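Report on the structure given below.
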Amino acid sequence: MSTADFQKMTSALGGDKRGPLTDLPSVQKVTVLGAGVDAQAIACLCLSEGADVVMFSAYRAELEPLRAAGGISVRGQGPVGNYQIDQENSPSIRLTSELDAAVDHADVIFVTGPVLKQRTYSLVLAGHLKEGQIIVIAPGRSLGAVEMAWNLRVGGNTTNVSIVEPGQLPWWVRKDGNTLNLSAIGPAKCGVIPGSNQRVLAALQPYLPNMVPAPNVIDSGFSDASGFIEVGALMLGGPAMPSGGPDLPVGGVPLDSQATFRNLIGENHRAVMRAMAGERRAVAEKWGVRTIPDNKELYELNTGAASGEGSRPVPAPEHAEALVRCAVIGSLVPLLSAANIADVAAPTTEAMVSTACAVLGGDLLNAGRRLDTIGIPSVNLEDARRALEAIAAGEA
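Quick note on the working numbering: the sequence shown kicks off at 23 and runs consecutively.
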């Protein structure tokens, strides 16, 4: 999507009758919270677009390898090149372990990492934000912006900030030493609090080139299919649910090019995913959302291509476990919470959450993003909808 087309779309969603968007907010100074692979990819993209980039981490184990390497190489799709770190006389990513200085510097703050880390950042950020700053939850999953808004308010934040919820980042990332190999992700919905502030999305388009502006974060949140696809793909297997990869002779090993996320998924996996997609749609309709993409689009967005460009790498076992935990907490639990308020049955989603709790240990249901813990009353659907709409509009 070109910048002109993007601005026309955001202008229409925002009810702006003045034509192409002008006087966009500044996004020149960028801070990335976290130093994992997604954070590194975001920092490189922003630097490639001419931004002044700071990367924060409280963990020496994350920052020291980057300092020692002196830079990050990017290959594949996206901002291919070599990006320097902590260089005084040339554009580079500056590393810091001082949160207050990093946040004070920023027009835009990318909050990366798993949901639990994002939650911690939201509570810590409350006392450090300035008027007009933009927070991007990378990625937001289901109603991540609503949780961020609630935690900021609970933490005492009184400034007017925008909170952006992209459904997916621009790329899948595979790290090999100091090299990031990027594979492009398809168009994904992106909402903002307040919902009328479409100018923020237009300004961020160079940093989130795959985003499609959503009318609000309710729409983008219920359109999130990451949880049921990731949990289904990574937890269900065995002879009764064979993968969708190529058939191999006994003792055969798949080629590296075939070791992709999509090839984990067979037809029986997809049947489970279709059931969960149906439950999400039924719940979303009760909350007034009828614009969830079709199953094919959701599937392709979250699984990537079977091979080559656009393919999603298979995570290592320890990363797969962390991904499932994050998907349950940030995607499946919000759906179950919304289903409970709307009095809609979601048995397949509930079974997947129970299975994940049994496998991973811990009460992920109560640790998850439940609506009653982020400012949405659970007494009746009408009151809950009004409360959610008020938060999405930036009125609460």
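All C-beta atoms in this analysis are idealised placements derived from N, C-alpha and C, irrespective of residue type, glycine included.
Only a predicted model underlies this, so the values are computations on that prediction, with no experimental measurement involved.
- Of the candidates L258, D122 and V311, V311 places its Cα closest to the Cα of R407.
- Every beta strand (DSSP E) stretch that sits fully inside the segment 65-130 and reaches 3 residues is listed by chain position as 74-78, 93-98, 103-106 and 116-118.
- Counting C-beta atoms within 10 angstroms of its own C-beta, H291 has 16 or more neighbours from the protein chains shown and is therefore classed as buried.
- Between the alpha carbons of S205 and D198 lies a distance of about 14 Å.
- Here V401 is exposed, its C-beta having fewer than 16 other C-beta atoms within 10 Å.
- Closest in alpha carbon position to G72, among K51, I207 and Y81, is K51.
- Collapsing the DSSP output to three states places L151 in coil.
- Here A327 carries a strand assignment [DSSP, helix/strand/coil].
- Counting C-beta atoms within 10 angstroms of its own C-beta, E340 has fewer than 16 neighbours from the protein chains shown and is therefore classed as exposed.
- Residue environment: N238 is assigned as buried (16 or more neighbouring CB atoms within 10 Å of its CB, all protein chains considered).
- Looking at the DSSP output, G213 bridges to E187.
- In the three-state reduction of the DSSP assignment, R312 falls in the coil class, being assigned neither a helical nor a strand state.
- Your pair V125 and L147 checks out as a contact, with CB atoms roughly 7 Å apart and the cut at 8 Å.
- In the DSSP assignment, L358 falls outside any beta strand (DSSP E) and within the unbroken alpha helix (DSSP H) covering V355 to A364.
- Burial is judged here by how many other beta carbons sit within 10 angstroms of a residue's own beta carbon; E86 has fewer than 16 and is exposed.
- In this structure, the beta-carbon distance from S248 to E187 does not fall below 8 Å.
- When A65, P113 and S119 are compared, the shortest CA-CA separation from F78 is found for S119.
- Between the segment 53-64 and the segment 132-146, the count of C-beta pairs closer than 8 Å reaches three or more; the two stretches touch.
- A contact is defined here as three or more CB-CB pairs under 8 Å, and the segment 320-327 fails this definition with respect to the segment 371-378.
- The Cβ neighbour count for Q109, taken over all protein chains shown within 10 Å, is under 16; the residue is labelled exposed.
- Under the three-state reduction of DSSP output, D394 falls in the helix class.
- A414 and G217 do touch by the CB rule: their CB atoms are close to 5 Å apart, below 8 Å.
- The beta strand (DSSP E) runs of length 3 or more contained entirely in the segment 283-307 do not exist; there are none.
- In the DSSP assignment, D246 falls outside any alpha helix (DSSP H), carrying neither H nor E.
- Between A342 and L256, the alpha-carbon positions lie close to 7 Å from each other.
- At least 8 Å separates the beta-carbon of Q190 from that of P228.
- DSSP places T134 in the coil class of the three-state scheme, outside both helix and strand.
- Counted as a single uninterrupted DSSP element, the stretch harbouring R334 is not any beta strand (DSSP E), since DSSP gives it neither H nor E.
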